[in-house]
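Here's the structure we're looking at; comments come further down.
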Amino acid sequence: MKVSRWLADHWVMGVALLVLGYLSLPIAVVAALSFNRPSSRLSYDFNEFTLDNWRQPCATSDMCDAVVRSVQIGFIATVVATVLGTLMAFALVRHRFTGRSGINVLIFLPMATPELVMGTSLLALFVSAGVPQGFWTVVIAHVMFCVSFVVVTVKARLAGMDRRLEEAAADLYASPWQTFRLVTLPLVLPGIVAAALLAFSLSFDDFIITNFNAGTTVTFPMYVWGAAQRGIPPQVNVIGTAMFAIALLLVGLSSLRGRRARRHTLPVAAATGRRAKSPS
Amino acid sequence: MTALAHVPTSTGQPAPPPPPPRGGRHRLLPYLLLLPGAAWLLLFFAVPLFQLAAASLYDPAGSLSTGYALTWAFGNYPDAVQAYWPQLGRSFLYAGIALVLGLLMGYPLAYAIAQKAGRWKNLLLVCVVAPMFTSFLVRTLAWKTILSDNGWLVGLLRDVHLLGPDGRLLATPVAVVLGLTYNFLPFLVLPLYASLERLDYRLLEAAGDLYASPVQTFRRVTLPLSMPGLIAGTLLFFIPATGDYINAELLGTPNEYMIGNVIDSAFLVRLDYPQGAALSFLLMAAILAVVFVYLRRAGTEEVL
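Respectively, the protein sequence lines represent chains A and B. Residue numbers for the first sequence follow the UniProt record's numbering, so the first one is 1 and each next one is one higher. Residue numbers for the second sequence follow the UniProt record's numbering, so the first one is 1 and each next one is one higher.
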């Protein structure tokens, strides 16, 4: 009786943990394989422990070139998409204007369209316009699919913000610019940073759209794709593990900062923080 | 607004009504703010779709080197379907099976995190998102190791006779569907979680007090209240899964190829632009049709 009661209470959690295991398994394998000395180029099995891959991550220099290129593209695309998307988010949340629903559809559609369709249509455009494909066509494509995600992320932050803080600043004789710089921007900044991180990770990891628009430019995902036919160097798993570790570190740091900020902020900011979080 | 657009936000609350315009100077401001982003999306998202439509009607006799003529060759569509209907059907079949598997796994996971996890909630959420921290392709390749013929999983399944002595997982439809499920599961779980997190536990207790069985409580209370997240999640899962060809390429064989593989090779290997464009457009139309029917059946007007 006791066992069945316990099972009835906890089976959902049990299933959830199993599913989390399914989700985490490949990462564990990637991390393990980063310490592997493969028996042959086309082997995917764990053979022998080694630290060589971590000591010489750039043993295959093509791969590191591809990583650098992905970082460059990701950086430029993130900056442009974050600026464009943030401006749009401000317009959508703070202003009343005609054509709002049209703009909303324009922002929503790229998120709902299969990447394959966006990639091939952009390819059709570039080819018919005679634009040579390469680094900059990839940047253009990445900005395009990142903008919508930036808008949605920043919009959520802006919508949850307490307008009374800005009104208070104005009442205290702050100019509109001062209000924006000293009140609005600091409050929206976490949303903008989150949006930028999202944009960078989307850009860095994109394969399908990039593949159609890169010409001879090779990004990291394209390198992995090409290498999958010829044999994957184990260093690919080093990059994969390092990416994971960096992202995890960022998440850990931000949650620590969030906890400390909550402890040390003025009551007003703490109150608005709580307000922004609680669903109405 | 659309439910999909709210997905990445965990607080899906509606925006407060914008303040009334305050003067002439402000009338133009929203348009100035919108202009660069909207222009980018128009130029590099909307215009290319028309270009794709045009390319799908090019004369199939043309080639990249001699140039294409727009001859309104609607015959490209039936020709493409006739040549590649197995791949087209397979895309929807695999994505559909993966979606069912995803729901069976994702719903309990989202529910457990939202309602049962307590102070572990954030940690578990990070675990759901964590796979996306590292490269999609590298993770998919890891499945190659997990499912390989001399891996422990195949060995185990052979030992318990779930697989024959020569049975394999890699290079089978099972591997492709497992890969699809794995890759898109977080997109299903996150919106579901957002919906379930706002579910008031007292409603479930009330249902229990009124003698509803757990199954009834789920069907009559939990499920209807999680509908917005469920709809958004299934779309976020199904749309990219149908268009995916990475799993079929890396974990399957040409026998498991989906429509994406065909489109990829039409554009990048065979350089048959009219056919690639026709298939691409067809894929979008088919997905839109499925999504539309689904939304009508799901009976919500909140989405789209």
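Just so it is clear, CB atoms sit at the ideal spot from N, CA and C, and this is done for glycine as well.
Step through the CB atoms of chain A and report whether any lies within less than 8 angstroms of the CB of residue i.
i       : result
T242(B) : yes
A278(B) : no
F237(B) : no
G233(B) : no
T217(B) : no
N247(B) : no
A142(B) : yes
P224(B) : no
A298(B) : no
A38(B)  : yes
Y31(B)  : yes
L41(B)  : yes
F267(B) : yes
Y94(B)  : no
A97(B)  : One point to set straight first is that residue 97(B) is Ile, not Ala, in the sequence displayed. With 8 angstroms as the cut-off, I97(B) does not count as an interface residue toward chain A.
Helix, strand or coil for residue i per DSSP?
i              : result
N76(B)         : helix
F49(A)         : strand
L92(A)         : helix
Y22(A)         : helix
G62(B)         : coil
G14(A)         : helix
residue 310(B) : Given a span of 1 to 304 for chain B in the structure shown, any question on residue 310(B) remains unanswerable.
N150(B)        : coil
S280(A)        : For S280(A), the predicted structure reports a pLDDT of 35, less than 50, and the residue's modelled location is therefore unreliable. The matter cannot be settled from this model.
Give a yes or no on whether 8 angstroms exceeds the smallest Cβ distance from residue i to chain B.
i       : result
P279(A) : Confidence at P279(A) is low in this model, with a pLDDT of 40, below 50, so the placement of that residue should be treated as unreliable; the coordinate-derived value is given next. By this cut-off, P279(A) is an interface position.
Y44(A)  : yes
E115(A) : yes
D171(A) : no
A174(A) : no
A112(A) : yes
F200(A) : no
Determine the direct distance from the alpha carbon of residue j to that of residue i, and round the result to whole angstroms.
i              : j       : result
L33(B)         : M88(A)  : 6 angstroms
G96(B)         : I287(B) : 12 angstroms
P14(B)         : L196(B) : The predicted position of P14(B) is uncertain, since its pLDDT is 48 and thus under 50; a value taken from the coordinates is nonetheless stated next. Using only the alpha carbons, I get a separation of about 17 angstroms.
T60(A)         : W143(B) : 23 angstroms
T73(B)         : L279(B) : Reading off the sequence shown, one finds Ala at residue 73(B), where the question assumed Thr. The straight-line gap from Cα to Cα measures roughly 14 angstroms.
L210(B)        : L204(B) : 10 angstroms
W54(A)         : L123(B) : 28 angstroms
A247(A)        : V150(A) : 18 angstroms
F97(A)         : G160(A) : 20 angstroms
L185(A)        : V262(B) : 47 angstroms
T153(A)        : R163(A) : 18 angstroms
A196(A)        : L189(A) : 10 angstroms
V138(B)        : A174(A) : 51 angstroms
F187(B)        : A241(B) : 11 angstroms
P110(A)        : I140(A) : 14 angstroms
V177(B)        : W40(B)  : 36 angstroms
R198(B)        : I103(A) : 29 angstroms
residue 314(B) : T216(A) : No information on residue 314(B) is available, as it lies outside the stretch 1 to 304 that chain B covers here.
Does the beta-carbon of residue i have 16 or more other beta-carbons within 10 angstroms, so that it is buried, or is it exposed?
i       : result
G23(B)  : Low local confidence applies: a pLDDT of 48 at G23(B) is under 50, so the model's placement there is unreliable, with the coordinate-based value given in what follows. G23(B) is exposed by the Cβ-count criterion.
L156(B) : exposed
F49(A)  : exposed
E256(B) : buried
Q178(A) : exposed
K2(A)   : exposed
R274(A) : Because the pLDDT of R274(A) is 41, which lies under 50, any placement of that residue in the model is unreliable, and the question is left without a value.
H142(A) : buried
Y201(B) : exposed
G226(A) : exposed
E249(B) : buried
Q82(B)  : exposed
M284(B) : buried
D206(A) : buried
V147(A) : buried
A77(A)  : buried
Any C-beta of chain B within less than 9 angstroms: which residues of the stretch 121-141 of chain A qualify? S121, L122, L123, A124, L125, F126, V127, S128, A129, I140, A141
If contact means a Cβ-Cβ distance below 9 angstroms, which residues of the stretch 113-139 of chain B contact chain A? I113, Q115, K116, A117, N122, L124, V126, C127, V128, V129, A130, P131, M132, F133, T134, S135, F136, L137, V138, R139
What residues from the stretch 211-245 of chain A come within 8 angstroms of chain B, judged by C-beta to C-beta, listed N to C? N211, F212, F220, P221, V224, W225, A228, I232, V236, N237, I239, G240, T241, M243, F244
Between the stretch 186-207 of chain B and chain A, which residues of the former have a C-beta closer than 9 angstroms to a C-beta of the latter? P186, V189, E197, R198
Using a Cβ cut-off of 8 angstroms, which residues of the stretch 69-90 of chain B contact any Cβ in chain D, in chain order? In the displayed structure, chain D is absent; the protein chains listed are A and B.
If the cut-off is 8 angstroms on Cβ atoms, which residues from the stretch 43-62 of chain B count as contacting chain A, listed in chain order? F44, F45, A46, V47, P48, L49, Q51, L52, A54, A55
Taking a Cβ distance cut-off of 7 angstroms, strictly less, list which residues of the stretch 68-93 of chain A are near chain B, in chain order. L84, G85, L87, M88, F90, A91, V93
So if I threshold CB-CB distances at 7 angstroms, which residues from the stretch 181-194 of chain A count as touching chain B? none
When you check each C-beta in the stretch 282-294 of chain B against every C-beta of chain A, which residues fall closer than 7 angstroms? L283, M284, I287
Using a Cβ cut-off of 8 angstroms, which residues of the stretch 159-180 of chain B contact any Cβ in chain A, in chain order? none
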